[in-house]
Every structure is written in structure tokens, then in C-alpha cells.
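Residue numbers (the working numbering): 2 to 144. Every residue gets a Cβ at the ideal spot worked out from N, C-alpha and C, and that includes glycine. This report concerns only the one structure given below.
Right under this line is the structure:
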């Protein structure tokens, strides 16, 4: 009855047809009959869920799933170097799926080469000023 809807219909008496004399009587009977059927089917569905939960609980299925999950986590941790290498290779190849899930703070920042070169030249000029104590336009790295 739990797993076979045809058996459920036969047990609840839904397979036969009933003849009703008046429309009012048929409406009332159908409403009462539908309400009883609805309640019985919901009770059966609730009992089915309860039985499934009880069976999985009794079989230790939940503890089995937790044990398997812990095994996967331990395996992942043991192979940390391998996964780091895989992630690095994907990063270097510019995998768009990997780049899409990396937080913005960890994404590489593109640098402007011209600005970088000017900052390097400025650093060189400042070092010369500190060494010699003076700075002249003729010793400037760029004009």
C-alpha cells in the first residue's frame, strides 16, 4: 500500500464507480470522500517518510555518509601539494571558471608598465639625491 498507488486506490475503494441520485448528494459525498482520501494519503505519505528515516537511521546510513565525507576530506588534505599544483596550472593558463570564483582581493592586479618604469626611475633619482645631497636637472633620468 505504501509503494504501489494502484493497491492504495483499491484499498481505499477508488477503483469502483458509485451512482448518486442527486447532484447535491453527489457533491456532499464526493467532498467527504475526497477529504477522507486526502487525509489517508497524507498519513500514508508521512508514515512512508518516517519509515525511510527509521530504516536509514537503523542501518547507520548517516554515519556511513559522514565517514565517507571525512575520508574524502582527509584524502584531499593528503594531496594538498597536488591540488595546489593543479590550481596553479589553471591559474597560469587563465582558466575563466577558476578566475570567476576567486575573490577580487586575490585576483592578480595588472600593472601599467609605463608607470612602473617611471617609478623605478624616480627611485633611482631619489637614491642619487640622498648620496650626493644635491639634484640637478642634468642628472634627471628623464625630461
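Taking the alpha carbon of residue i as the reference point, which residue from the options has its own alpha carbon closest?
i           : options           : result
residue 103 : 8, 88, 39 and 126 : 88
residue 42  : 116, 124 and 7    : 7
residue 11  : 94, 38 and 32     : 38
Under 8 Å Cβ to Cβ from residue i, same chain only, skipping five residues before and after it: list those, please.
i           : result
residue 124 : none
residue 55  : none
Are residue i and residue j close, meaning C-beta to C-beta below 8 Å?
i          : j          : result
residue 57 : residue 49 : no
Just reading off the alpha helix (DSSP H) that residue i is part of, what are its end residues?
i          : result
residue 95 : Neither: residue 95 is in no alpha helix (DSSP H) and is coded neither H nor E.
residue 72 : 62-79
Keeping to the same chain, check which residues put their C-beta closer than 7 Å to that of residue i; ignore five residues upstream and five downstream.
i          : result
residue 91 : 99
residue 93 : none
Residues in the same chain with beta-carbon distance under 6 Å from residue i, minus the five sequence neighbours each way, listed in chain order, please.
i          : result
residue 45 : none
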